[in-house]
Amino acid sequence: MKNQLKFRFVFLLFLGVFFITPRLQNLHAQEVKKNKVRLKADYFKIMNGESYLNLKATSKIEKKNTEVPNIDFTIYNIFDDEKITIGTAITDMDGKSKFIINSLSKLKPDSTGTFNLSVVFKGNDAFKKASKDISFKDAVIEAELITKDSLNYINAKLIDKSIDSVIVNESLGIQVERLFKSLRIGEEFNYTDENGTVLVPIKESIPGVDGNLIFEVILKDHDEFGTVKALVNAPIGVPIVTETTFDKRTLWSPRNKTPLFILVFANLLILGMWGIIVYLMVNLFKIKNA
Amino acid sequence: MNTHKKIISDLAPKKFGKRDTIWTISLIVIIIIGLIAYIDQLIKGQEVTNMRDYALWGIYISNFVFFVATSFVGSVTVAILRLTNNSWRTPLVRIAEIISVAAIIMAGITIMIDMARPDRLLNLFIHARLQSPITWDVVIIPSYIVISLLLLYFPLIPDLAILKEYFKKKKPTMSKWYGKLSLNWTGSKAQKAIQTKSIQILAIMIIPVGILLQTIDAWLFSTTYRIGWDSTNFAPYFISGAFVAGVGALVTLIYVVRKAKKLEHYITDFHFDKLGKLLVLACLIYLYFNINEYVIPLFTAKKGELTHLETLFTGSYSVIFWLVTIVGLILPIIALLFKKGRKPLPMFFIGLIVVIGSWWKRFVIVTPTLLHPFLPIQGVPESWHHYFPSLHEWLITIATLAMALLIITICVRYLPVVPIQRTIDELELNNLDKNTEL
Chain A
0 MKNQLKFRFV
10 FLLFLGVFFI
20 TPRLQNLHAQ
30 EVKKNKVRLK
40 ADYFKIMNGE
50 SYLNLKATSK
60 IEKKNTEVPN
70 IDFTIYNIFD
80 DEKITIGTAI
90 TDMDGKSKFI
100 INSLSKLKPD
110 STGTFNLSVV
120 FKGNDAFKKA
130 SKDISFKDAV
140 IEAELITKDS
150 LNYINAKLID
160 KSIDSVIVNE
170 SLGIQVERLF
180 KSLRIGEEFN
190 YTDENGTVLV
200 PIKESIPGVD
210 GNLIFEVILK
220 DHDEFGTVKA
230 LVNAPIGVPI
240 VTETTFDKRT
250 LWSPRNKTPL
260 FILVFANLLI
270 LGMWGIIVYL
280 MVNLFKIKNA
Chain B
0 MNTHKKIISD
10 LAPKKFGKRD
20 TIWTISLIVI
30 IIIGLIAYID
40 QLIKGQEVTN
50 MRDYALWGIY
60 ISNFVFFVAT
70 SFVGSVTVAI
80 LRLTNNSWRT
90 PLVRIAEIIS
100 VAAIIMAGIT
110 IMIDMARPDR
120 LLNLFIHARL
130 QSPITWDVVI
140 IPSYIVISLL
150 LLYFPLIPDL
160 AILKEYFKKK
170 KPTMSKWYGK
180 LSLNWTGSKA
190 QKAIQTKSIQ
200 ILAIMIIPVG
210 ILLQTIDAWL
220 FSTTYRIGWD
230 STNFAPYFIS
240 GAFVAGVGAL
250 VTLIYVVRKA
260 KKLEHYITDF
270 HFDKLGKLLV
280 LACLIYLYFN
290 INEYVIPLFT
300 AKKGELTHLE
310 TLFTGSYSVI
320 FWLVTIVGLI
330 LPIIALLFKK
340 GRKPLPMFFI
350 GLIVVIGSWW
360 KRFVIVTPTL
370 LHPFLPIQGV
380 PESWHHYFPS
390 LHEWLITIAT
400 LAMALLIITI
410 CVRYLPVVPI
420 QRTIDELELN
430 NLDKNTEL
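First to last, the protein sequences are chains A and B.
First residue of the first sequence? That's 0 in numbering that gives the first Met the number 0, and the numbers climb one at a time after it.
First residue of the second sequence? That's 0 in numbering that gives the first Met the number 0, and the numbers climb one at a time after it.
Structural data, given as structure tokens:
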């Protein structure tokens, strides 16, 4: 009898451990302090291309700014206190995400023509919820290459689409695309005149693949319009002549491009050498039969 | 006629004595140990070696270069001495031919040992690029093996016919084999004409082929643009080095064979004196190219090459470098300049030192350059900065050397190391000359 009681007690204790342990784990989980996540959102527009938001999530973990991957964003269009979901995004390993706005015409601007978006992170086990509002107006850059007196210029016009009016006295950057980083052309600040235009001369002898250059006219990090960029393709560069030996017969080519001298000389040597060897072997048979 | 019989009896292969058997068994044991190490290398990969990303050529390659160099002895002694009508060569050429065959066969095997995937050997032929010195090597080594074998075989034919008769009653089985290999040699005019012509062609042919072999071996290195290798001097430097290694090996082996086979009447002090002069000539030429290779760059080299030279002169490889240069080259030259230095016993030690020096010389050529890559060595394990062969590498390399010695031993056992027919012919010619004078 005493043994049976002892057995029941041990059994209950054993069972109890299974019930209590997960609860303790829950308690422990609640004690974990969630980190605050900081959001950054920038609006970009490429003329005749895509418009998008560059999103970034960082957090101060152990006194160190750290990029946060796998943060789920929901992007809303705010219109008259109404939140219209326009899409979702998730950060990559660098804490970055690019949310492409399919068409600005599908978004609803407020009475001033300003688009109001909100990027919302609902929070997760490790991070608290966070949000970031971003507002921008639609601006347009009309850029073209013009030639005056045999000189080439980039002519660009900046227009506020919300009011269909040119934007005066704003600085546009003119640059040409290069392999790693774009190269600035002209002055650092090129302010638009009363017609909303800038005219920047292009220096000759800029090298480009097949002579093709891509010029960028850029309104950078503007408080109202974000970043707007127009691209102008211009075949006015100096063609880059790459001195490649790819198709030539060199020492380092594949075997079907062996230099002819080596091909002929080496084969002659081999044939000559083995011709004599064969002759000598025949001589062995001749000795045998002599 | 009795003299002929005595010559044949003296020069015919003899059964191994106790000492020879122990020697052969020792070589076989070393080879088996090396074979086990090689199988382990095949199973585990080249991880068992100490070769890493930088020192990717270790003693396998330096050993290969040594074998290639030693095989040059066939071209030097047999061909050049024949073409220059040096009659003192007669008792020495057969051993030179045997060394040449053994060394070049082992060079071919050693290069395969260095391959991490020997099962892909055929790819060297299937995907061969004629621009690559490696392809040239793939072509030249088998060619040189065949030429060396022919150079050994053609002059052997009359001797094999003599041995067939000699062993007819004593050892019929051996006689049968000698008979088959002698190609029905009767010494007829037609046979002699074909044989003489063939040997003449071979003697002429093996010189450019031998030079080509050494040159290709040098170009394997010099076409890589690496410091220490990127030298227009490299091909003649290798050829002269091969001259030294080959003649050094010949001197050493001739002394051993002479003593073991009691051939003092056939290989005399006169031959050693002549060989000594040939060796000192080889060493002096090699010294000249060493000066070209190391002394001139000392004054003209840019920083990278200067660092390499400092490693050799005062750095981590200085002990080996100076031992090889002074003990392995300069001291033999000094010793050989004196008549006493060209006596058999001193010549044996000099030859041995020269051969050991030649082996380590190849190590000094191959390894230090690899430890000075184009880009500074950074962020790699400490062990990658240095190279010294692992136990596997030593066992396998020693086994290849033993294998070369075993090939030589087998040849010495079954072939007449001094040409019988030619010795008889020369004796007859001398007697004829004496009679004419009388």
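Beta carbons: idealized from backbone N, C-alpha and C, even for Gly.
Quick caveat, the model's predicted, so the values are computed rather than measured.
{"Check": "Output, in chain order, the set of chain E residues within a Cβ distance shorter than 8 Å of Lys287 (chain A).", "Outcome": "The structure shown contains no chain E; the protein chains it does contain are A and B."}
{"Check": "Can Ala54 (chain B) and Tyr265 (chain B) be called in contact, C-beta distance under 7 Å?", "Outcome": "no"}
{"Check": "Can you name the start and end residues of the alpha helix (DSSP H) that Tyr143 (chain B) belongs to?", "Outcome": "Pro132 to Tyr165"}
{"Check": "Applying the 10 Å Cβ sphere with the 16-neighbour rule, what's the burial state of Ile286 (chain A)?", "Outcome": "buried"}
{"Check": "Exposed or buried, Gln199 (chain B), counting other C-beta atoms within 10 Å across all chains shown (16 or more means buried)?", "Outcome": "exposed"}
{"Check": "Any Cβ of chain A within less than 7 Å of the Cβ of Val28 (chain B)?", "Outcome": "no"}
{"Check": "Kindly say whether Leu23 (chain A), judged by its beta-carbon, lies nearer than 7 Å to any beta-carbon of chain B.", "Outcome": "Its pLDDT being 49, under 50, Leu23 (chain A) is placed unreliably by the model, and nothing is read from it."}
{"Check": "Below 9 Å between beta carbons is the criterion; list the residues of the region 122-145 of chain B that meet it against any residue of chain A, in chain order.", "Outcome": "His126, Ala127, Arg128, Leu129, Gln130, Ser131, Thr134, Trp135, Val138, Ile139, Ser142 and Val145"}
{"Check": "Express the C-alpha separation of Val277 (chain A) and Pro141 (chain B) in angstroms, rounding to a whole number.", "Outcome": "14 Å"}
{"Check": "Under the criterion of a Cβ to heavy atom distance below 6 Å, does Ala398 (chain B) qualify as lining the ligand SAM?", "Outcome": "Of ligands this structure carries none, so the ligand SAM is not represented either."}
{"Check": "If we count the other Cβ atoms within 10 Å of its Cβ and call it buried at 16 or more, is Met272 (chain A) buried or exposed?", "Outcome": "buried"}
{"Check": "So, at 7 Å on beta carbons, what are the nonlocal neighbours of Phe166 (chain B) in its own chain, with the 5 sequence-adjacent residues on each side left out?", "Outcome": "Met173, Ser174 and Tyr177"}
{"Check": "Which residues does DSSP list as the beta-bridge partners of Ser96 (chain A)?", "Outcome": "A:Leu54"}
{"Check": "Where do the ends of the beta strand (DSSP E) carrying Phe135 (chain A) lie?", "Outcome": "Ala129 to Lys136"}
{"Check": "Who are Ser357 (chain B)'s beta bridge partners in DSSP?", "Outcome": "Beta-bridge pairing links Ser357 (chain B) to no other residue."}
{"Check": "By alpha-carbon positions, which one of A:Ser149, A:Met46 and A:Ala125 ends up nearest to Glu203 (chain A)?", "Outcome": "A:Ser149"}
{"Check": "Against Thr257 (chain A), what residues of chain B qualify as contacts under a CB-to-CB distance less than 9 Å, listed in chain order?", "Outcome": "Arg128, Leu129 and Gln130"}
{"Check": "Would you list the one or two residues that DSSP bridges to Asp327 (chain A)?", "Outcome": "Nothing can be reported for residue 327 (chain A): it is not among the residues displayed for chain A, which extend from 0 to 289."}
{"Check": "Using a Cβ-Cβ cut-off of less than 9 Å, list which residues of the region 271-284 of chain A approach chain B; keep chain order.", "Outcome": "Met272, Trp273, Ile275, Ile276, Tyr278, Leu279, Met280, Asn282, Leu283 and Phe284"}
{"Check": "Where Pro206 (chain A) and Gly236 (chain A) are concerned, what is the direct C-alpha to C-alpha distance, given to the nearest angstrom?", "Outcome": "5 Å"}
{"Check": "For Ile140 (chain A), decide whether its Cβ has a neighbour in chain B, counting only Cβ atoms nearer than 7 Å.", "Outcome": "no"}
{"Check": "With a 10 Å radius around its C-beta and 16 neighbouring C-beta atoms as the bar for buried, classify Ala217 (chain B) as buried or exposed.", "Outcome": "buried"}
{"Check": "Against Ala189 (chain B), what residues of chain A qualify as contacts under a CB-to-CB distance less than 9 Å, listed in chain order?", "Outcome": "Lys285, Ile286 and Ala289"}
{"Check": "Please report the Cβ distance between Ser134 (chain A) and Phe114 (chain A), rounded to the nearest whole angstrom; I am assuming they are in contact, meaning their Cβ atoms lie under 8 Å.", "Outcome": "7 Å"}
{"Check": "What whole-angstrom Cβ distance do Ala155 (chain A) and Leu178 (chain A) have, given they're in contact under 8 Å?", "Outcome": "The pair is not a contact, with the Cβ atoms about 24 Å apart (cut-off 8 Å)."}
{"Check": "Are the CB atoms of Gly33 (chain B) and Ile395 (chain B) nearer to each other than 7 Å?", "Outcome": "yes"}
{"Check": "Is any beta-carbon of chain B found at less than 7 Å from that of Ala125 (chain A)?", "Outcome": "no"}
{"Check": "Under a Cβ-count criterion, where at least 16 other Cβ atoms within 10 Å of its own Cβ denotes burial, should Met92 (chain A) be classed as buried or exposed?", "Outcome": "exposed"}
{"Check": "When you compare the CB of Ile423 (chain B) with every CB in chain A, is at least one pair closer than 7 Å?", "Outcome": "no"}
{"Check": "Three-state secondary structure (DSSP) at Ser230 (chain B)?", "Outcome": "coil"}
{"Check": "Could you check whether the Cβ of Leu250 (chain A) sits closer than 7 Å to any Cβ belonging to chain B?", "Outcome": "yes"}
{"Check": "Look at Val216 (chain A) and Ala229 (chain A) and say whether their C-beta atoms are less than 7 Å apart.", "Outcome": "yes"}
{"Check": "Return the chain-ordered ranges of every alpha helix (DSSP H) run that is complete within the region 382-416 of chain B and spans a minimum of 4 residues.", "Outcome": "390-413"}
{"Check": "For the region 187-214 of chain B, list every residue whose C-beta sits within 8 Å of some C-beta in chain A, in sequence order.", "Outcome": "Ser187, Ala189, Gln190, Ile193, Gln194, Lys196, Ser197, Ile200, Leu201, Met204, Val208 and Leu211"}
{"Check": "Between Leu262 (chain A) and chain B, is the shortest Cβ-Cβ distance under 7 Å, so that the two count as touching?", "Outcome": "yes"}
{"Check": "Quick check: the region 71-81 of chain B against the region 367-382 of chain B, are there 3 or more CB pairs under 8 Å?", "Outcome": "no"}
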